[in-house]
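Asker: Going by this note's numbering, the sequence shown runs without a break in its numbering and finishes at 33.
Beta carbons are placed, not taken as given, at the ideal position from N, Cα and C, and that holds for glycine.
Have a look at the structure that comes next, please.
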Amino acid sequence: MGLADGEVLVDDRLIYTANDLKVGLFQDTSAF
Numbered sequence: 002m003g004l005a006d007g008e009v010l011v012d013d014r015l016i017y018t019a020n021d022l023k024v025g026l027f028q029d030t031s032a033f
C-alpha cells in the first residue's frame, strides 16, 4: 500500500486533482 497524488488532464487542461490517494503496489501483473 502506498500514497500518491494524482491529476487528470483533458486536452492538456487540468480538470481534477487528488491528494493522498491510497494505491496498491504490485510486482506481478500477469494475473490481471
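What's the gap between the Cα of Thr30 and the Cα of Val11?
Answerer: Reading the sequence shown from its first residue, position 29 is the one you call residue 30. Reading the sequence shown from its first residue, position 10 is the one you call residue 11. Each residue's alpha carbon lies about 27 Å from the other.
Asker: Based on Cα-Cα distance, which residue from Thr18, Gln28 and Asp13 lies nearest to Ala5?
Answerer: As a first step, residue 5 is located in the sequence shown; it is residue number 4 there, counting from the start. Looking at the Cα atoms, Thr18 is the closest of the given residues.
Asker: Excluding the 5 residues preceding and the 5 following Met2 in the sequence, name in chain order all residues of the same chain whose CB lies nearer than 8 Å to its CB.
Answerer: One-based indexing of the sequence shown puts residue 2 at position 1. Correct list, in chain order: Lys23, Val24, Gly25 and Leu26.
Asker: What residue range does the beta strand (DSSP E) around Thr18 cover?
Answerer: In the sequence shown, residue 18 corresponds to position 17, counting from 1. It spans Arg14 to Val24 - the beta strand (DSSP E) in which Thr18 sits, taken as one unbroken run.
Asker: Please list, in chain order, all residues of the same chain as Ile16 whose beta carbon is under 8 Å from its beta carbon, the five residues on each side excluded.
Answerer: Counting from one through the sequence shown, the residue named residue 16 turns up at place 15. Around Ile16: Val9 and Leu10.
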